[in-house]
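K.L.:
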Ligand SMILES: Nc1ncnc2c1ncn2[C@@H]1O[C@H](COP(=O)(O)OP(=O)(O)O)[C@@H](O)[C@H]1O
Ligand SMILES: [Mg+2]
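Residue numbers (this note's numbering): 1 to 361.
1) Look at the Cβ atom of residue 276, then the Cβ atom of residue 242, and state whether they are nearer than 9 Å.
2) Please report the Cβ distance between residue 245 and residue 348, rounded to the nearest whole angstrom; I am assuming they are in contact, meaning their Cβ atoms lie under 8 Å.
3) Could you check how far apart the C-beta atoms of residue 35 and residue 198 are, in whole angstroms? I think they sit under 8 Å.
4) Which residue comes first and which comes last in the beta strand (DSSP E) that contains residue 328?
5) My assumption, with CB atoms under 8 Å, is that residue 294 sits in contact with residue 325. Please give the rounded CB distance.
6) Find the nearest neighbour of residue 160 within the set 278, 297, 79, judged by alpha-carbon distance.
7) With 9 Å set as the bound, which would you pick, yes or no: does the beta-carbon of residue 217 sit closer than that to a beta-carbon of chain D?
8) Within 8 Å: the Cβ of residue 154 and any heavy atom of ligand 1?
9) Exposed or buried, residue 300, counting other C-beta atoms within 10 Å across all chains shown (16 or more means buried)?
10) From this set, 298, 314, 330, 288, which residue's C-alpha is nearest residue 343's C-alpha?
11) State the DSSP-derived secondary structure class of residue 167, mapped to helix, strand or coil.
12) Helix, strand or coil for residue 314? Go by DSSP, reduced to three states.
13) Under 6 Å, CB to any heavy atom of ligand 1. Which residues pass, going along the chain?
14) Given a cut-off of 9 Å on the beta-carbon distance, is the pair residue 251 and residue 267 in contact?
15) I want to know whether the stretch 140-158 touches the stretch 116-131 - three or more CB-CB distances under 8 Å.
16) Run through DSSP, which three-state label would residue 114 get?
17) By Cβ distance below 8 Å, which residues in the same chain neighbour residue 10 in space, the five residues on each side in sequence not counted?
18) State the Cα-Cα distance for the pair residue 346 and residue 240, rounded to the nearest angstrom.
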């Protein structure tokens, strides 16, 4: 069993609190991602799990063993973890086989066993036919798979990955997501993955832990995080979003300064912030017959992106981003009046606390 239990973990560097009172239980064979902007404490948290960094306070356990506590410290090499970093960190003078086999050689495994296990792991990362090459004869993605093989060859219970795909080009990054997922499933290991890329986090994770300034903002599966972000920071970080201020009363939200309102059946009243994702707004040239009504505005600009049409709509001076079907590019014209139907939105209480404003519905 490779459950990871993190209890009240704090890490301070001089005056910087990198991680603050972190609590989470990561299940056996779970794929969990730490997601957040640069500097929010992701790497520090991962390095504490690995044993490269000691917590200022708190307890970390891997399986049924406490690895960090006020009077306990298990060194990294005794934690049965594998780790892969952003830089490929493979040895240039060694072949792919030698790189992957290295941890077994250090552990003084018998020769036949080294061969058998290294061949098996090279097969798992689809590098069997490259065993004799040196890293300079490989692509970036292949080099990162060598690093992955080396991290996995000792059959760790836990694999820690710190932005492992950031140095790869976009297409390769996408295909590597699926490969890492597949390897994790086939080997049945627990993965803690670090990224600042929300799409990557959504594509790969069972659960995502969203962090900001060392503090966990929300923990949930990708749909929960995307559809029910608990505060403005999360809704902004995990996707694109328009925020509109308003006043909720009598089943409607009167949008501040716009002279328009939207139907709203939720429990909130008084000052609110309405959050609507660009893809949850439908644009039309003709006024649709929708009970409760729609917003009206003027189509400022359109950007044809192939798969979608990325629009900006001016509603009484407020600019809304709307992402619609790419075919709408042919039927709409910049400058024309349009009707906006907000199919799905969230309402946050406007406490004046900015990003921390909590979700109401
Ligand atoms: N060794 C260190 N000494 C001092 N400050 C550090 C050290 N490592 C990280 N920090 C600080 O801790 C914060 C979190 O850093 P980090 O965990 O690397 O964030 P992330 O991986 O999310 O970008 C940052 O403010 C960073 O400057
Ligand atoms: Mg980092």
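Each residue gets a CB set at the ideal place from its N, CA and C atoms; glycine is no exception.
Owing to the predicted nature of the structure, the values given are computational and were not obtained by experimental measurement.
P.N.:
So, to answer that:
1) At a Cβ-Cβ threshold of 9 Å, residue 276 and residue 242 count as neighbours.
2) Wrong, their Cβ atoms sit about 10 Å apart, outside the cutoff.
3) Contact flag correct, Cβ pair sits at about 6 Å.
4) Here residue 328 belongs to no beta strand (DSSP E); instead the alpha helix (DSSP H) covers 328-331.
5) At roughly 17 Å, the Cβ-Cβ gap does not stay under 8 Å, so residue 294 and residue 325 are not in contact.
6) Each of 278, 297, 79 was checked against the Cα of residue 160, and the nearest Cα belongs to 79.
7) Among the protein chains of the structure shown there is no chain D, as only one such chain exists.
8) No, Cβ of residue 154 sits at least 8 Å from all heavy atoms of ligand 1.
9) The residue is exposed, with fewer than 16 neighbouring Cβ atoms inside 10 Å.
10) Just measuring C-alpha positions, the residue of 298, 314, 330, 288 sitting nearest residue 343 is 288.
11) Residue 167 falls in the coil class under three-state DSSP.
12) It is a strand residue.
13) Spelled out in chain order, the answer is 13, 16, 18, 36, 38, 39, 40, 41, 42, 43, 44.
14) No, the Cβ-Cβ distance between residue 251 and residue 267 is not below 9 Å.
15) Counting Cβ pairs under 8 Å, three or more are found: they touch.
16) Three-state result, residue 114: helix.
17) 17, 19, 20, 21, 22, 55, 56, 57, 58.
18) Here the alpha carbon of residue 346 sits roughly 13 Å from the alpha carbon of residue 240.
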